[in-house]
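A short write-up of the structure that comes next.
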Amino acid sequence: MAEQELICIVCPASCSLKVAVEPSGEIKVSGNLCSRGADYAKHEAANPLRYVMSVVKVKHGGIPTVSVITSKPVPKKCISEIMKATANVEVEAPVEMGQIVLQNICGADLVTTRKVKRIVLSSPTYL
Amino acid sequence: MIERKYDTVIIGGGPAGIAAVIKAVELGLKTVLIENKDLLGGIPLQCVHPGFGIHYFKEDLTGTQFIHRLLDRMEKLGVECLLKAHVCSIEYKDYGEKIVNVITRNGVMKLNAKTIIYTAGARERHLFEIGVVGDRPDGVYTAGEAQTLMDIYGIMPGKEIVIVGSGDVGLIMARRFALEGAQVKAVIEILPYPGGLMRNVTQCLKDFNIPLLLSHDVVKVVGRKRVEKVVVAKVDENFRPIEGTEFEIPCDTVVIAAGLRPNIDLLEKLGVLIDSATGGPVVNELLESSVPGVFVAGNALVINDLVDYVVEQGELAVKGAYIFVSSNGISTVDWKSVVKGRNVRLVVPHYISGKRDVTILSRVAKPERKVFVRVSEIDVKEFHIAVRPAEMIKLDLKKEALSKAVNESKITLEVVPVG
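Chains as they are written, first to last, in numbering that gives the first Met the number 0: chain A, 0 to 126; chain B, 0 to 418.
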């Protein structure tokens, strides 16, 4: 019977929640002021999901990186796997918004969230 | 010298300025947007995390996605921009004319403007402003500098990080460091409660097991060439370090996330009245400052939590500029002041006419639960389950409600406990 303490993030009240998973699998929440808090705690206890964001390298870009995010929230335990995978990604400029740089990782795609123009210079200048 | 005439000169190409230039061009004002960097976008351009645009676009976007949506709109309209251009002064010539002196790559320019929309944003508070003494080694960054290095230039500022201040930028940078494999030793906050949103405390610190030390302060930075460690102590209720509680945290990087201050140098030189609570100018409901025809929006006006508010302010300032240009000034009315009542630390705007719908933004001085945000003069009260200094309170007042205050010289915004 795992008990977990959480701070509710649904509204500024920031209730301190206690979440207990009964042997029957039922999740019990206490400390919440409203039902939204209970829903939040149940999701957090059962399968916490997060967006993962970072930047990846860009070749011949006006700036040397492009920002990326998972196309949907992924299980929290996948975060480090995704971060390790992004370290080896390099894309070639120009980069468009929403371009997929890594397909189907932990059930999501990694997509760009910035445009980067192509600039080819003998030595890169960013300023 | 190049001389040009404009209806509106917009100073600062962040979200407020971009929103303003879009609206101004749509309304047919002859407008120019001035930015001193080589690219438009401001802060959101380096914000790779989501949480932007929930109010304005009704979608949860990253900062970069948010700003690109605005930039796309702007590019379709065909807007006149001066990039890498530095505004050195604003001169008051007469009621309907100001002069903006700009240094550009093509020489010095003198812009005659009927109105100015000042959206120059904010600067970060630095180490010495928050009273941290000690050595001055390499490895001390503000949170925004660290963000620019990592998320634009792809450079890691360090490996073992101590973050000073738990505002949202500090929390978000703690997560970015942790994600990129750095070890975040601690986030240190002088106040007894976290400065940022609870969502960020949970998702940025708890998810990565980063300790948050409340009621603590960094008293000293130690290091010969590079930061070697910081000395941390508990603080008393007057925020003074308690003797005997000092301990050391070894680290190679100190990140200062001690909040922002509006960038108001040019306005101060122009003689604009400044509110010490917001650090920005005193404005009326159209965001016009005490100098007629000079409007202020975004973080230059007040430090905002959400880019959505910044964009709304940019658009509102243009509405003001449009009225100013088309009717030769904002007609003088009996301005009613918006007074700060119980547990209200700051409020914007400072003056209202009572004849237009207004949105009042405010912050509380201390956290409270179960309160009414109340304006008794017009019988308006709104229940809030909790209020925190980190979260702005937005109160929309309709002109019908405000008409009740027709004989008042002020309205008072206060936060009072229920019952």
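Using N, Cα and C, we set each Cβ at its ideal position, and we do this for glycine too.
- Within its own chain, the residues whose Cβ lies closer than 6 Å to the Cβ of B/Val332, once the five positions on either side in sequence are excluded, are Ser352, listed in chain order.
- The Cβ atoms of B/Pro191 and B/Leu213 sit closer than 8 Å to each other.
- With fewer than 16 other Cβ atoms from the protein chains shown falling within 10 Å of its own Cβ, A/Gln102 counts as exposed.
- Counting only Cβ-Cβ distances below 9 Å, B/Met391 has no contacts in chain A at all, with the closest Cβ about 11 Å away.
- The beta carbons of B/Thr147 and B/Gln45 sit closer together than 8 Å.
- Non-local beta-carbon contacts of B/Asp274 in its own chain, meaning distances under 6 Å to residues more than five positions away in sequence, involve Val281 in chain order.
- B/Tyr5: member of the beta strand (DSSP E) spanning Ile1 to Ile10, first to last residue.
- Going by DSSP, B/Thr244 is part of no alpha helix (DSSP H) at all; its letter is neither H nor E.
- Here DSSP, grouped into helix, strand and coil, assigns B/Ser402 to helix.
- Only those residues of the segment 15-36 of chain A whose C-beta falls short of 7 Å from the nearest C-beta of chain B are listed: Leu32.
- Per DSSP, A/Met82 lies in no beta strand (DSSP E) segment; the continuous alpha helix (DSSP H) that holds it begins and ends at Ile78 to Thr85.
- Within chain A, Met96, Thr112, Arg113 and Lys114 have C-beta atoms less than 9 Å from the C-beta of B/His67, given in sequence order.
- Here the segment 329-348 of chain B makes contact with the segment 364-380 of chain B; the two share three or more CB pairs at distances below 8 Å.
- Counting only Cβ-Cβ distances below 8 Å, B/Asp150 has contacts in chain A at Val54, Thr64 and Ser66, in chain order.
- When beta bridges are read from the DSSP output, A/Met96 appears opposite no residue.
- Between B/Pro348 and B/Arg225, the gap from beta carbon to beta carbon reaches 8 Å or more.
- Restricting attention to B/Ile17, B/Val24 and B/Ile151, the CA atom closest to the CA of B/Tyr5 is found in B/Val24.
- Distance from B/Gly157 to B/Lys219 at the Cβ level is roughly 18 Å; contact not present, criterion being Cβ atoms closer than 8 Å.
- Taking each of B/Val139, B/Ala121 and B/Gly120 in turn and checking the Cα distance to B/Phe127, the smallest one comes out for B/Val139.
- About 6 Å separates the Cβ atoms of A/Val90 and A/Val65, confirming a contact at the 8 Å cut-off.
- No residue range can be given for A/Lys116, since it is assigned to no beta strand (DSSP E) and is classified by DSSP as neither H nor E.
- Taking the C-beta atoms as reference points, B/Gly270 is found no nearer than 8 Å to B/Val301.
- Ranking B/Ile129, B/Glu159, B/Asp167 and B/Gly130 by CA distance to the CA of B/Gly143 puts B/Asp167 first.
- The Cβ atoms of B/Ile255 and B/Asp216 lie no closer than 8 Å to each other.
- Listed along chain A is no residue with a C-beta nearer than 9 Å to that of B/Met172; the closest approach is about 13 Å.
- Residue nearest to B/Glu407 within the set B/Gly279, B/Val253, B/Ser375 and B/Ser325 is B/Ser375 (criterion: CA-CA distance).
- B/Asp93 is bridged by DSSP to B/Glu96.
- Look at the beta carbons and you see the segment 224-239 of chain B not touching the segment 41-61 of chain B: under three pairs across the two are nearer than 8 Å.
- Excluding five sequence positions before and after B/Ala404, the CB atoms of its chain that fall closer than 8 Å to its own CB belong to Lys335, Gly353, Glu376, Ile377 and Ile410, given in chain order.
- Within the segment 2-14 of chain A, the residues whose Cβ lies closer than 8 Å to some Cβ of chain B are Leu5, Ile6, Cys7, Ile8, Cys10, Pro11, Ala12 and Ser13, listed in chain order.
- Beta-bridge annotation (DSSP): A/Thr64 is paired with A/Lys56.
- In the three-state scheme derived from DSSP, where H, G and I count as helix and E and B as strand, B/Ile151 is classed as coil.
- For the options A/Gly24, A/Gly30, A/Ser23 and A/Pro11, the alpha carbon positioned closest to that of A/Lys17 is the one of A/Gly30.
- Residue contact check for A/Arg117 against chain B: no CB pair falls below 8 Å.
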